[in-house]
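Numbering (my numbering), first residue to last: 425 to 649. Notes follow the structure.
Below is the structure:
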C-alpha cells in the first residue's frame with residue numbers, strides 16, 4: 425500500500441510543481457502585507473485558495489468514484505504517439521517563444537488603489553482567495569490532472585483524501601513563501617518584497633516559458649520508443 429501511495433504521489437508531482445507557480449496570486453499575498461492585519465489577511469487568502477481546491481478535489485473523487493475512473497481510463501484507447509509528440513512540440517515551441525521574447529513583462533508592482541485596502545477584513549481576503557482560484561484558468565489543467573491520477577490509482581478513500589490534502593498543501597507553497605519571509609525578516613520585509621515584485625514582473629513570463637518547455641520535452645519524450 426505504501427508503495428502504491430508513493431508511486432501515485434510521484435506521478436502527481438510534475439503537475440503539482442507546475443501548478444504551484446502562481447506569480448499573480450503571490451503578488452496578491454504580498455499586497456496584504458500593506459493592510460492593518462497583514463498575516464491574518466495573507467493566511468485567509470491562502471486558506472480560501474486551498475479550501476476551493478480541496479472541495480473541488482473531493483467533488484471530483486466523490487462524483488466519479490475512483491474505481492469507476494480507473495475502469496473508464498482502462499477502456500479508453502491509448503493516446504496516439506503522434507498526438508503526444510505534437511502536443512509536446514507545441515508546448516516546447518510556445519515555451520521557446522516566451523523565453524526568446526524581447527523586452528520584459530509588465531511590472532508586478534501593486535496598483536495605486538491598494539492603499540485603499542488598509543482595513544481589508546480577513547473574511548473578504550478568504551473570499552478573494554476562494555473566488556480567485558475558482559475563476560477559469562490554467563490552474564484547472566494542472567490540478568485536475570493530479571486529481572485524476574489519484575482517482576485512477578484505485579487507492580482506499582483515506583489514502584486518496586490524504587494525497588489530495590498533500591497536493592493542496594504543496595500547491596500553496598509559493599503563496600506561503602512570502603509569509604514565511606515576512607515573519608522571519610520583518611525588519612527587512614518591505615525592501616525585500618519590493619525587489620521581489622520587480623523580479624516577478626521581469627521574470628514571470630520567462631519562468632512560465634521554462635515550465636512550458638519542460639512539459640513539452642516530457643510529452644515528446646513519452647511518445648518516443
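Quick reminder that beta carbons are idealized off the backbone N, C-alpha and C, glycines included. Keep in mind that this is a model prediction, so the values were computed, not measured.
**Request:** Pick out whichever of 486, 457, 509 has its Cα sitting closest to the Cα of residue 611.
**Result:** 457
**Item:** Assigned secondary structure, residue 559 (DSSP; H/G/I helix, E/B strand, else coil)
**Value:** coil
**Asked** At a cut of 8 Å, does the stretch 641 to 648 reach the stretch 441 to 456 through at least three beta carbon pairs?
**Response** no
**Request:** Within 10 angstroms of the Cβ of residue 559, are there 16 or more other Cβ atoms? Answer buried if so, exposed if not.
**Result:** exposed
**9 Å Cβ cutoff met for residue 449 and residue 588** = no
**Request:** Within its chain, find whatever has a CB closer than 8 Å to the CB of residue 534; leave out the 5 residues flanking it on each side and keep chain order.
**Result:** Unreliable placement is indicated for residue 534, whose pLDDT of 45 sits below 50; the coordinate value is still reported in the next sentence. Cβ neighbours of residue 534 beyond the five flanking positions: 451, 454, 455, 458, 621.
**Request:** Whole angstroms is fine: what's the gap from residue 483's alpha carbon to residue 477's?
**Result:** 10 Å
**Asked** Once you ignore the five residues that flank residue 603 on each side, which residues in its own chain have a CB closer than 6 Å to its CB?
**Response** 466
**Prompt:** Quick one: is residue 446 buried, meaning 16 or more other Cβ sit within 10 Å of its Cβ, or exposed?
**Reply:** Counting Cβ neighbours within 10 Å, residue 446 comes out buried, since at least 16 surround it.
**Prompt:** Would residue 439 pass as a contact of residue 566 if the rule is Cβ separation under 9 Å?
**Reply:** yes
**Message:** Counting C-beta neighbours from all protein chains within 10 Å, is the total for residue 430 16 or more, i.e. buried, or is it exposed?
**Reply:** exposed
**Message:** Please identify the residue among 434, 462, 428 whose C-alpha is closest to the C-alpha of residue 607.
**Reply:** 462
**Message:** According to DSSP, simplified to helix, strand and coil, what is residue 536?
**Reply:** Confidence at residue 536 is low in this model, with a pLDDT of 48, below 50, so its placement is unreliable and the value that follows should be read with caution. Correct three-state label for residue 536: helix.
**Asked** Around the C-beta of residue 546, are 16 or more other C-beta atoms found within 10 angstroms, so that it is buried, or is it exposed?
**Response** When all chains shown are included, residue 546 counts as buried.
**Nearest-angstrom Cβ-Cβ length linking residue 639 and residue 443, presumed shorter than 8 Å** = Not a contact, Cβ separation roughly 11 Å.
**Item:** Cα-Cα separation, residue 574 to residue 597
**Value:** 20 Å
**Boundaries of the alpha helix (DSSP H) in which residue 461 is found, first to last residue** = Taken as a continuous stretch (DSSP letters only), residue 461 belongs to no alpha helix (DSSP H), as it is neither H nor E.
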